[in-house]
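Visitor: I'd like to ask you about the structure that follows.
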Amino acid sequence: LLSKERGGDGDPLDVLLLGPSLPRGSIVQARVIGVLKLLDGGEQDDKLIAVVPSSEAGDVHNFAQLKSQFNGALDIVETWFSNYKGPGEMESKGIGSETEANALLDEAITIFEASLRPAVSN
Numbered sequence: 002l003l004s005k006e007r008g009g010d011g012d013p014l015d016v017l018l019l020g021p022s023l024p025r026g027s028i029v030q031a032r033v034i035g036v037l038k039l040l041d042g043g044e045q046d047d048k049l050i051a052v053v054p055s056s057e058a059g060d061v062h063n064f065a066q067l068k069s070q071f072n073g074a075l076d077i078v079e080t081w082f083s084n085y086k087g088p089g090e091m092e093s094k095g096i097g098s099e100t101e102a103n104a105l106l107d108e109a110i111t112i113f114e115a116s117l118r119p120a121v122s123n
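The numbering used here puts the sequence shown at residues 2 to 123.
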């Protein structure tokens, strides 16, 4: 989750996993390499980009390496997310580093863990 106070839409944080096709609901180890910064109806709707370490892209650690080893892949992902809801629905605000992506992930984990704690009444 990314808090509405941070401009998020209150939905779970999305992660796009670059690697082999997996059955829905699979749990796999992944490494975050960056973030695609998007607005959905004016609200922040970032997409973390991650790789499966055991995959063909497993030695990629950042977007520069992704661009070097898989030329055009990031452009395809950005174009798809910018257009999949129809014209003008999504707006790309560029990309962010693996450091930015991991900070978003840490924030989402903190918000999620806090949501599991029972409310304390006085």
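Ideal Cβ positions, reconstructed from N, Cα and C, are used throughout, including at glycine.
Values in this document were obtained by computation on a predicted structure and should not be read as measured data.
Would you list the one or two residues that DSSP bridges to A51?
Guide: For A51, which the question treats as bridged, DSSP gives the partners L18, V33.
Visitor: Would you kindly work out how many angstroms separate the C-alpha atoms of A58 and R32, rounded to a whole number?
Guide: Rounded to the nearest angstrom, the two C-alpha atoms are 10 Å apart.
Visitor: What first and last residue would you give for the beta strand (DSSP E) that runs through S93?
Guide: Its beta strand (DSSP E) spans residues 91-97.
Visitor: Compute the beta-carbon to beta-carbon distance between L14 and L106, rounded to the nearest angstrom, for a pair I have assumed lies under 8 Å.
Guide: Correct: roughly 7 Å between the Cβ atoms.
Visitor: On the CB-based measure, 16 or more other CB atoms within 10 Å of its CB, does V35 come out buried or exposed?
Guide: According to the sequence provided, residue 35 is Gly. The question's Val does not apply to it. With 16 or more Cβ atoms within 10 Å of its Cβ, G35 is classed as buried.
Visitor: Could you tell me how far apart the beta carbons of F1 and K38 are, in whole angstroms, since I believe they sit closer than 8 Å?
Guide: A query on residue 1 cannot be resolved here, the shown segment of the chain reaching from 2 to 123 and no further.
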